[in-house]
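Protein chains: 2
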Amino acid sequence: MKRVITPILFLIFLVSFGAIGKDHPSLILTSSDVKLMQEGYGKSPLFRTNVDRVQRELDAEMQRPLAVPVPKDAGGGYTHEQHKKNGRLIMNAGVLYQVSGKQKYADFAANLFLKYAALYPSLGEHPKKKNQAPGRLFWQSLNESVWLVMAIQGYDAIYKALDHRTRQNIELNVLRPMADFLSVGQPKTFDKIHNHGTWAAAAVGMTGYVIGEDDYVEKALLGLDKSGKSGFLKQLSLLFSPEGYYAEGPYYQRYALMPFVLFAQAIETNQPERKIFEYRNSIVMKAIYTTVQLSYNDLFFPINDAIKSKGLDTMELVSGLAIAYGMSGDNQLLDISARQKRVALTGGGAKIALARDAGKIVPFQFKTMKLSDGAEGDEGALVILRSSDKPGHQALVLKNTSQGMGHGHFDKLSWIFYDNGQEIITDYGAARFLNVEAKNGGRYLPENKSWAKQTIAHNTLVVDETSHFHGKWKDGQKKSPEQLAFDETETIQLSSAVMRGAYEGVAMTRTIALIKDPELEFPVTLDVLKVDATQPHLYDLPVHYNGQLMDQSVVLKSATSGMRALGDKNGYEHLWLKAVGTPKEGKLARFTWLTDNRFYTLNTVSEEQSQFLFTELGAHDPNFNLRREQAIIHRIPKGEKTIFVSLLEPHGDYNPAVEYTLGSHSQIKSLKLHKRGSYQAITFTTVFGKRWILTLSYDQDKQKTHQIKLGDKEISWQGFYSLQTVE
Amino acid sequence: MKRVITPILFLIFLVSFGAIGKDHPSLILTSSDVKLMQEGYGKSPLFRTNVDRVQRELDAEMQRPLAVPVPKDAGGGYTHEQHKKNGRLIMNAGVLYQVSGKQKYADFAANLFLKYAALYPSLGEHPKKKNQAPGRLFWQSLNESVWLVMAIQGYDAIYKALDHRTRQNIELNVLRPMADFLSVGQPKTFDKIHNHGTWAAAAVGMTGYVIGEDDYVEKALLGLDKSGKSGFLKQLSLLFSPEGYYAEGPYYQRYALMPFVLFAQAIETNQPERKIFEYRNSIVMKAIYTTVQLSYNDLFFPINDAIKSKGLDTMELVSGLAIAYGMSGDNQLLDISARQKRVALTGGGAKIALARDAGKIVPFQFKTMKLSDGAEGDEGALVILRSSDKPGHQALVLKNTSQGMGHGHFDKLSWIFYDNGQEIITDYGAARFLNVEAKNGGRYLPENKSWAKQTIAHNTLVVDETSHFHGKWKDGQKKSPEQLAFDETETIQLSSAVMRGAYEGVAMTRTIALIKDPELEFPVTLDVLKVDATQPHLYDLPVHYNGQLMDQSVVLKSATSGMRALGDKNGYEHLWLKAVGTPKEGKLARFTWLTDNRFYTLNTVSEEQSQFLFTELGAHDPNFNLRREQAIIHRIPKGEKTIFVSLLEPHGDYNPAVEYTLGSHSQIKSLKLHKRGSYQAITFTTVFGKRWILTLSYDQDKQKTHQIKLGDKEISWQGFYSLQTVE
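Structural data, given as structure tokens:
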């Protein structure tokens, strides 16, 4: 498969279009990558399968006439999808040409390019342009950046197979005008610190490397004025937190990752002296690893606008993984690759395939971690607590982050709970059916705003039936939670954060702890939500749960022949009120549901008289746009300073296949809240006679000693909290 | 592991308690089975794992004091569960003694037996006895039969390890009194043609073989009076249809199977001259194979009272498979064994494990079939249509069966549709959470009667908002559907059946066909339901679907801020009326939903003006006993003779992970019903321009020619139906 070129011929070839000193391919692929891929094709069944699949797709496409239509349609329409596809075809044809040496692939990519060379110069703004940042081939310039990122990889790959005239034609009529358009042609987008800016920078910079235009590279790296106030390096500095968390959340982190890793790889290839992978304490690698950590059972945490089926097998992470493995050779990454349906057709991808075939997989270590948010790490944090790194472990996702811009939800201090491979306490994610034309053209549905973003759609406090920041995300951008404590020991993992100003005059402090009692089957989660307000309010704390209610300790008044919506705005209009429960046993209420084969008992206690509203999603949903989900809302009709305490306990095993049911009853006997001035103690006892005491001083000074009296018992501790047991 | 016993000693041993001429074990196990199991333990990692697991359980139990409590509790309670467990422990200890030769297991089983010998003679009727057929150890004698079936296997296994006095004690104080109690002590149950009778016969007959009491064997085989009018052989003749279908449906078929296969095996071992496995054209083997066929993606079809998670991994089928494989060596059965979590600790189980380890698995052939119902095969049929035998195939289950006694549902001619590994058009199954104490003690919930059994809970015709036979199962027993046609070709699989008398003066004839058009992605299902009534009625035809509604062609009037129950009885009281739809395009209505990654479009057309009611389950459900499911009910407010035509088309691929959605639109352009006297033609056209014509004469004479005119076209065919295409 290797091509032989005599040295003299090679030199003539190089000088012919000013590419002296520059080899091709030299962007995502280099000649040593190509060798690796050829080795992979020969030795690795896995890699060969991946190459063969792309080859089959391409061979099928090459049977059809080339289609480079005049731009007409918006996203999802024919011309849009065709141009998207052409970008991918050019890239794949280039890769296949390199791997196989077959001229037909280079010819195919070149012919597609020539069609674009004939079309592109004639184009003005796209007829379906969106208000901001229209493209030419596409309705948004974002799609055009993506196209160029793909196509330039193909161009790099077939470069040596083209004659001077063809190159000149393509560069003058497609690559340069497009790079100009994406940079100087749309300065606001190009210089914006935003993932659209990153795509544009990557497209322009990668083009610069391939055609030898340093000006493009400089602008891409440092901004149009080359000052460094914008551009790729600045984006790397500002768009991720120091731990590699992206403010919009995992769904968009996964999307944003692509131009970062591709352009970083291109920089590494062409300007290794920039040490781009070491930049900002290796932020690119951190971003890749963090993306993986932001998942449970292969699916990304669905916070903010997120399609819930997105997970580790996403194409962006296939690329990201190949680049990360190519750099690090970390065999943990093979575990993630094994959860993906494909490997990237790059040198890193070949390395992954060879290593997987050689059985080098090491389990990826999913960890308990606090990922600070904000460029400086001072805009709250996303906290992940995990009971272990094994399949089926418990994971808690605590959303103590910043707003996350326009795709952010109004869900300060909300949480998600996973167990046994499933989402148990759930986040709705986005109201959207991606690309399903009948559902608002596949775009976000109206219910995304009216329901999915609203506070009541999340597992956090709603005050006076309104959403945080009155549902205005620009207001939300101004205030973030403060992470007060984060601790991890053998027995307890604890996070505490305070949010001030989501509602005027209201501060909420939420402490969530995962506690392991070896006598209990599974760890339990204790949730202490302290609300400090300067005047009385109606408080609602929903728990959106996935499962079938089995038992509850409240007196139920259920809707039988008629059911009403709970409210008329802020998301409440979408909730049917199925039942109202009043606690029987003082202020303790217990709810048990069954999810899959496991029971979950939620014990709750509060200071004030409470109601429990059992709701079902689907009111004011005339077009069946919402999924049918459910919640139990802990309501305190009139509270000021108050504290909600909940203990969630997984237990038992429901196995109708083998006809046994074990442990369908909670092993928690009691749950109590004790207030001592500004301190609190939460106690709970198990059926085994053990009594746990969690004390909270909220004092960040770790040296300071605190003391309270519980009954006859003096309890003292140092710092923010303590966890103690009495047998 | 082999025990060596000198011949003389052996002889003395045999004569000591009248067991001359009889070897032990000699029931489910024989000495050659024991050799096979010892070979399996040595050679097969799979078999060893299974033995080791049972051994671990047993070793743990043997650490505890023996617990043989005085009977007190009903099902689910302590004494009930403990006695159940003891029966299993005795059996397992016996098996382990045989496999390992370790005396401690024989001792353990013997000691348990001795506790029972001390207790059992003192027992009268159980204090929590049910009205009919109370037990002594258990509230129902059924449990006592099951106990003896287990324990006698253990006794047989440890027989040779016991001295004369011990045997005498056990036989005189436990085995004989229990066998007497289960036979002459409860003649009505023992002689009943019912699975309770089969359990009793198996218990008594197996005991007879082991202790050498021929009288027990004769009674078990031929009934108390030994006339053959009842007993095991009669049960084999009457409880299964000629194809091995059990009238109560798969859920109870699986349960009923156990005593049949165990006792049959015991008969084969002790009286091979009876050729029990050849009896009634090998009905025992047929019943085992049919049980397997009554499943999709490892779960049993959930018709009648059925827990939906029951499937091929059920213990009964683990035993059944071992016996069937031991007899036949059919390697298809290994495929089913591989879907189970364990193999039986028998000779057959060892054979299975050795064969699986040797890679002899052959895919089980799931087939299209008509299983007649009734002892004579003349009480309707269960029809299964399958698009292929591959995973993810389409399967249709057509319930043209008899009532199925007290656990039967009122769902004549109902259907279930599976595709892509999932149940798409669903059957609710039973309203029950097995063994969950908080849910009515784990028994059937009140909603099993008020909802799950009612006709509206199924995918079949409801007349005047009442259930078939007014919901009286004894009336239902008297009338069964008549299967009119069943055909299978490359292009079409078709079933047609008529039900007369589910409602007075109403006959319904349902023809369902699975049609393969190679231009379409997937086969489509055509459903023609013809109703003949002598006076006007309100007709409701529900489609209970699993998925999220994507699109529909009717004008929707949706409940927004309030929702009402659809009715007040016969199951209607449990349905919330979410929306009412009126067809836009004449009498054609289309509905598209998304299930997992695939779209389903239901096209419907009828002669009369129709409404479509969109319902959600959950009204009048104060204790959250019902799952939240949904239906579209095709309602004809006033019809007499009428025809409902539906075409169900799976299509497309929704893949948000890779961000594409293909084929979200139906590829069916039109669907029409043409009436020509008593004939009908249904035509539908595809987007590829093909027109399909299904004609129906309903004439069972295959030779007779029929002719109609459709527009200009003369169409003629022979027999019941024809399927033709026009390009």
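Line by line, the protein sequences give chains S and Y.
The working numbering puts the first residue of the first sequence at 1, with every later residue one more than the last.
The working numbering puts the first residue of the second sequence at 728, with every later residue one more than the last.
Think of the CB as a built atom: it goes at the ideal place given N, C-alpha and C, for glycine as much as any other residue.
Residues of chain B with CB under 7 Å from Y:W1303, in chain order?
-> This model lacks chain B altogether, as its protein chains are S and Y.
Starting from Y:Q809 and walking both ways along the beta strand (DSSP E), at which residues does that stretch end?
-> Y:Q809 -> not in any beta strand (DSSP E); alpha helix (DSSP H) instead, spanning Y805 to S827.
Straight-line gap, S:D305 to Y:T1218 (C-alpha atoms, nearest Å) | 45 Å
Could you tell me whether the Cβ of Y:D907 comes closer than 7 Å to any Cβ of chain S?
-> no
Y:Y972 beta carbon less than 7 Å from that of Y:L1112 = no
So S:Q422 and S:D298 are in contact, right, with Cβ under 8 Å, and what is the actual spacing, rounded?
-> Rounded, the Cβ-Cβ distance is 12 Å, inconsistent with contact.
Three CB pairs or more closer than 8 Å across the segment 1315-1334 of chain Y and the segment 1274-1283 of chain Y = yes
Could you work out which residues of chain Y lie near S:G311, taking near to mean beta carbons separated by less than 7 Å?
-> A1384
So, are the CB atoms of Y:S954 and Y:V931 less than 7 Å apart?
-> no
Expressed to the nearest angstrom, what Euclidean distance is found between the alpha-carbon atoms of Y:D1214 and Y:A820?
-> Computed Cα separation, rounded: 51 Å.
Hey, how far is the Cα of Y:R799 from the Cα of S:K308?
-> One point to set straight first is that residue 799 of chain Y is Lys, not Arg, in the sequence displayed. Each residue's Cα considered, the two are about 50 Å apart.
Between Y:V1190 and the ligand FAD, is the CB less than 6 Å from at least one heavy atom?
-> Ligands are entirely absent from the displayed structure, and the ligand FAD is therefore not among its contents.
Ignoring anything shorter than 4 residues or poking outside the segment 862-924 of chain Y, list the alpha helix (DSSP H) runs there in chain order.
-> 868-885, 891-897, 903-909 and 914-917
Run through the segment 1081-1129 of chain Y for me and flag every whole alpha helix (DSSP H) of 4 or more residues, listed as ranges in chain order.
-> none
To the nearest angstrom, how far is it from the Cα of S:S670 to the Cα of S:T683?
-> 8 Å
Can a CB atom of chain Y be found closer than 7 Å to the CB of S:R167?
-> It does not; no Cβ of chain Y falls within 7 Å.
Contacts that Y:E1164 makes with chain S (C-beta to C-beta distance below 7 Å) | S664
Tell me S:Y653's beta-bridge partners as DSSP assigns them.
-> In the sequence as displayed, the identity of residue 653 of chain S is Asp instead of Tyr. DSSP, once it has assigned bridges, lists S:L662 as partnering S:D653.
Taking a cut of 8 Å between CB atoms, which residues from the segment 215-237 of chain S lie near chain Y?
-> none
Taking the continuous alpha helix (DSSP H) assigned at S:A110, which residues delimit it?
-> Q103 to L119
Enclosing alpha helix (DSSP H) for S:G581 [first to last residue] = Note, S:G581: premise wrong, no alpha helix (DSSP H); beta strand (DSSP E) at L575 to P583.
DSSP three-state assignment for Y:G1446, whether helix, strand or coil | Coil, per DSSP.
Using the beta-carbon count (16 or more within 10 Å), is S:E213 buried or exposed?
-> buried
Proximal residues to S:L648 (C-beta, below 6 Å), its chain only, five neighbours per side dropped | T525 and L602
What is the DSSP secondary structure of Y:F1160, counted as helix, strand or coil?
-> Three-state DSSP puts Y:F1160 in coil, outside helix and strand.
Does the segment 325-333 of chain S come within contact of the segment 346-362 of chain S, defined as at least 3 CB pairs closer than 8 Å?
-> yes
Round the Cβ separation of Y:G1135 and Y:G1203 to the nearest angstrom and send it over; I've been treating them as touching at under 8 Å.
-> Contact flag correct, Cβ pair sits at about 6 Å.
Determine, using beta carbons only, whether Y:I1063 comes closer than 7 Å to chain S.
-> Chain S, which has no Cβ nearer than 7 Å to the Cβ of Y:I1063, makes this no.
First and last residue of the beta strand (DSSP E) that includes Y:P1364?
-> Q1357 to G1366
Can you tell me which of Y:I817, Y:I1370, Y:M1096 and Y:R1066 puts its alpha carbon nearest to the alpha carbon of Y:T1331?
-> Among Y:I817, Y:I1370, Y:M1096 and Y:R1066, the Cα nearest to that of Y:T1331 is on Y:I1370.
S:G639: contacting residues in chain Y (beta-carbon distance under 8 Å) | Near S:G639 there are no residues of chain Y at all, since even the closest Cβ is about 27 Å away, more than 8 Å.
Is the segment 411-427 of chain S close to the segment 502-522 of chain S, with three or more CB pairs under 8 Å?
-> Three or more beta-carbon pairs separated by less than 8 Å link the segment 411-427 of chain S to the segment 502-522 of chain S, which places the two stretches in contact.
Of the choices Y:V944, Y:L948 and Y:F967, whose alpha-carbon is the least far from that of Y:L960?
-> Of the candidates Y:V944, Y:L948 and Y:F967, Y:L948 places its Cα closest to the Cα of Y:L960.
How is Y:E1246 classed by DSSP in three states: helix, strand or coil?
-> Looking at Y:E1246 - three-state DSSP - the assignment turns out to be coil, as it is neither helix nor strand.
Cβ of S:R628 less than 7 Å from any chain Y Cβ?
-> Chain Y, which has a Cβ nearer than 7 Å to the Cβ of S:R628, makes this yes.
Between the C-alpha atoms of Y:K1205 and Y:L1241, what's the straight-line distance to the nearest angstrom?
-> 30 Å
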